[in-house]
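Residue numbers (our numbering): 3 to 321. Glycine included, every Cβ here is placed at the ideal spot set by N, Cα and C. As the structure is a prediction and not an experimental result, all values here were calculated from the model.
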């Protein structure tokens, strides 16, 4: 069997000082070896044990009447019918969606800008990036306690700047409490999404920017015509993570607002906690948890379908 070869392009004929570039050896017609199913067994068992099994148990409990003591009693659809006529549940769902949408709207542009900046070669970039990523190392509980102290109306920042914060009781009014929850969530989790965008921005081929510079495109035009389109897949992945994280936020609300003032920040995850661990209605709490799972799944699937993410394919996918 004879093979024909073509001359390499000029860029591949020589490196600096005319030295030839070595290419990695490639076997013609070599079959691609995919990992066997055995490699997926540990992850599959872990997911089944800590995700699928608890979800099944929650689904079973949602059809029971159980106060945490004794054996659960089958209650049929009583918990689900109660949720349909529970105004607090309906309001908590809308509030969860509102806080999630606001979180995505705030975190996405900040993460993109900071991620693209951190992927550059600016002076002291590494040091500044490390400082900026510090909130990512803290737990949500520690962050919530920190900001509760900072925003204390008697001894915190609002007490020292009443010209800006009024009476200083930001957590005592609905708009202020929701704004604080969105701000604290963005302060903690924006570094995580920034890290994702930083890695994606560094993977963009440099030749695209070089060609744009030759054509006379400036920095802003390169950002909107090269960087953003190349970050599309990353943007969708980041938004899905934000949606799931926003709908399941609990500890921040528990520490900062405890669902208040009144029920103005009682999101579904916190309402589930109240029903299950304060009212000892584990059947009703399980139904709320299952509703949260369904809502998060539906919203994630809608984002994937609308964005066309499910139809995108990479040249090395599955290799």
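Per the coordinates, the alpha-carbon of residue 248 lies some 7 angstroms from the alpha-carbon of residue 98. If the five residues before and after residue 288 are omitted, its C-beta is found closer than 6 angstroms to the C-beta atoms of 60, 63 and 64, all from its own chain and listed in chain order.
For residue 66 against residue 74, the beta-carbon gap comes to about 4 angstroms, under 8 angstroms, which counts as contact. For a cut-off of 8 angstroms, the C-beta gap from residue 245 to residue 186 is around 18 angstroms, too long to register as a contact.
For residue 110, the closest C-alpha among the options 195, 231 and 295 is that of 195.
Looking at 153, 199, 190 and 197, the one whose alpha-carbon comes closest to that of residue 178 is 153. Per the C-alpha coordinates, the member of 233, 278, 210 and 251 positioned closest to residue 309 is 233.
Just so you know, the alpha carbons of residue 138 and residue 253 end up roughly 16 angstroms apart.
Bounds of the alpha helix (DSSP H) holding residue 253 are 253-258. Residue 221 and residue 214 have their C-alpha atoms some 9 angstroms from each other. Partner residues in the beta bridge of residue 75, as assigned by DSSP, are 67.
Measuring C-alpha to C-alpha distances from residue 144 to each of 130, 80 and 189 identifies 189 as the nearest. DSSP, read as helix, strand or coil, puts residue 89 in helix.
Judged by DSSP in its simplified three-state form, residue 175 adopts coil rather than helix or strand. Where residue 270 is concerned, the enclosing alpha helix (DSSP H) starts and stops at 270-275. Inter-residue distance for residue 149 and residue 250 is about 20 angstroms (C-alpha atoms, whole angstroms). Under the DSSP assignment, residue 124 falls outside any alpha helix (DSSP H); it carries neither an H nor an E label.
Around the Cβ of residue 300, a 10 Å sphere holds fewer than 16 other Cβ atoms; the residue is exposed.
Spanning the alpha carbons of residue 223 and residue 151 requires a straight line of approximately 43 angstroms.
With respect to the 8 angstroms criterion, residue 286 and residue 126 are not classified as neighbours on the basis of their beta carbons. CA-to-CA, the gap between residue 211 and residue 226 works out to about 12 angstroms. Annotation: residue 72 to residue 277 spans about 18 angstroms, alpha carbon to alpha carbon. Rounded to whole angstroms, the gap between the alpha carbons of residue 174 and residue 121 is 40 angstroms. When rounded, the separation of the alpha-carbon atoms in residue 78 and residue 69 is 16 angstroms. Cβ neighbours of residue 229 within its own chain (closer than 7 angstroms, five residues either side excluded): 118, 203 and 206. Under the 10 Å beta carbon count, residue 270 is surrounded by 16 or more other beta carbons and is classified as buried.
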